[in-house]
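Undergrad: Quick one: this structure, given as structure tokens, is what I'll be asking you about.
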Amino acid sequence: MSNLSNINRNVPLSKSFIFIMAVTCGMCAGSNFYNQPLVYAFSESLDVRPDQAALTIVISQLSYAIGLFLLVPLGDLFEKRQFICLLMCATGIAQLAIAVSGNLYTLYLFTAVATFFSIAAQVLIPFSSTMVSEKQSAQVVGMLMSGLLMGILFARTFAGLISTLWSWHYVYAISGGLVIGLASIMWFKLPVSTVNTQLNIKEIYTSLFRLMRNEPHLIRRGWIGCFTFAMVTLLFTSMTFILANAPYHFNEFQIGLFGIVGIAGVFSTRWAGFQISQNNEQKVATVSISIIIGSWLLIYFAQISLYIYLCGVIFAYFALSALHVLNQNLVYRISLAARSRINSIYMTMYFTGGVIGSMSSVYAWKHWGWTACVIIGFCFAAIVALLNIYDHRQMKNS
């Protein structure tokens, strides 16, 4: 029995409901990025080195990736509304625990717990695509991805503002309350899916490896997503180092505010969703990758001109967001019944890129400086371009 059997895909979702789901995705995903503009606030409050505080960024990405692999596949087994709300409540409680952390190790611990359970958006997004017709699916996924991106961007600004006005502790206290509140709204708004009685936990995880073995297209798009997000986290992480030091000396709020330029990505997700619905997938890939490569040439001048750096970041966010929407829509087509597991594989690879990008940024900045960060970012972009060409040829020949 399908766990989607009682959902009528011919009834369009209301705009207000799509908006609520987009906000939920933004809160869940965005909460993983509060720590990025707060590195120096952690350092001063807990009396530790900035590179020790910056490890919270690596922990966030690593824990999230583990959660994606272990928890998201269960969305194909459990009733989705209950599962999503349970994950959100666990995240909210862990964030409240972060708010009262008094040393670096409790901060590490509860950061890991909060981000491990914060994968609710990655269950909700594929679930939303099953609530509508296949033609509407790309646009709904694009809207939820816009909300997710907005959450990430404004999370940084919110964290910087609250930290500057009061303390970083309040950032997590407020967020924890909001996430729990949104969980209650989702409980009453989401449709109830039927539990799949044909699967058990062992079969779910066994099928993950079967999908990885039998769907090379999924793995290729996963690697593209991996190095795409590696660029995103390299940009996010190094942005704190660039703007907090000479010649800018920005505070936490200013650093977070600067991240709002990534709102360009919101427009790109809608553009990408429309192009994909018109069967222009290769156009999205070509335009996005070309812009990504060009953006690193501008980003190189970050320590010389804030305006050139700003333009580079805007172009990068636009292209990276469009490419992510393309990847998700391509992999969702593989199987309707296995979308949670497919999303788990793809997003685990995606956020593994987050670990690679954040670690590369912290290490390269500490040992070699900004030029090394840019070279690494440009290499990531070249890898994405080569992988996309290879995937396109393989799909064309299959």
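Residue numbers (this note's numbering): 4 to 401.
No residue lacks a Cβ here, since even glycine has one placed at the ideal position from N, Cα and C.
#1: What does the alpha-carbon distance come out to for the pair M235 and G357?
#2: Looking at A162 and T41, is the spacing between their C-beta atoms short of 7 Å?
#3: What residue does the alpha helix (DSSP H) around L260 start on, and which one ends it?
#4: Where does T289 fall in DSSP's three states?
#5: Secondary structure at E284, three-state DSSP: helix, strand or coil?
#6: My guess is that I87 and V126 are in contact by the Cβ rule of under 8 Å, so how many angstroms apart are they, rounded?
#7: When the distance is taken between beta carbons, is A68 closer than 7 Å to T94?
#8: Would you mind reading off the limits of the alpha helix (DSSP H) that contains N332?
#9: Go through its chain and collect everything with a Cβ distance to C28's Cβ below 7 Å, but skip five positions before and after it.
#10: Ignore the nearest five residues each way along the sequence and tell me which others in M398's own chain have a CB closer than 7 Å to its CB.
#11: Nearest-angstrom Cα distance between I183 and V61?
#12: Measure the CB-CB distance between V75 and S347 and report whether it falls below 7 Å.
#13: By alpha-carbon positions, which one of F354, V264, I292 ends up nearest to L313?
#14: In this structure, does DSSP put V135 in helix, strand or coil?
#15: Tell me where the alpha helix (DSSP H) around E47 begins and ends.
#16: Does the stretch 51–66 come within contact of the stretch 105–121, defined as at least 3 CB pairs closer than 8 Å?
TA: Per the coordinate set shown:
#1: Note on identity: in this sequence residue 235 is Val, with Met being the wrong assignment. Their backbone Cα atoms lie some 7 Å apart in a straight line.
#2: Correcting the residue identity first, residue 41 is Leu in this sequence and not Thr. Against a cut-off of 7 Å, the Cβ pair of A162 and L41 comes out as a contact.
#3: Start and end: 255–261.
#4: DSSP places T289 in helix when its eight states are reduced to three.
#5: helix
#6: Cβ-Cβ separation between I87 and V126: approximately 5 Å, consistent with a contact (criterion under 8 Å).
#7: Not a contact, by the Cβ cut-off of 7 Å.
#8: Here the alpha helix (DSSP H) through N332 covers 309–335.
#9: A124, L127, I128, L147, G150, L151, G154
#10: Result list for M398: H220, in chain order.
#11: 25 Å
#12: With respect to S347, V75 sits close: the two C-beta atoms are nearer than 7 Å.
#13: A check of alpha carbon separations from L313 across F354, V264, I292 identifies V264 as the nearest.
#14: coil
#15: 42–49
#16: Verdict: yes, contact present.
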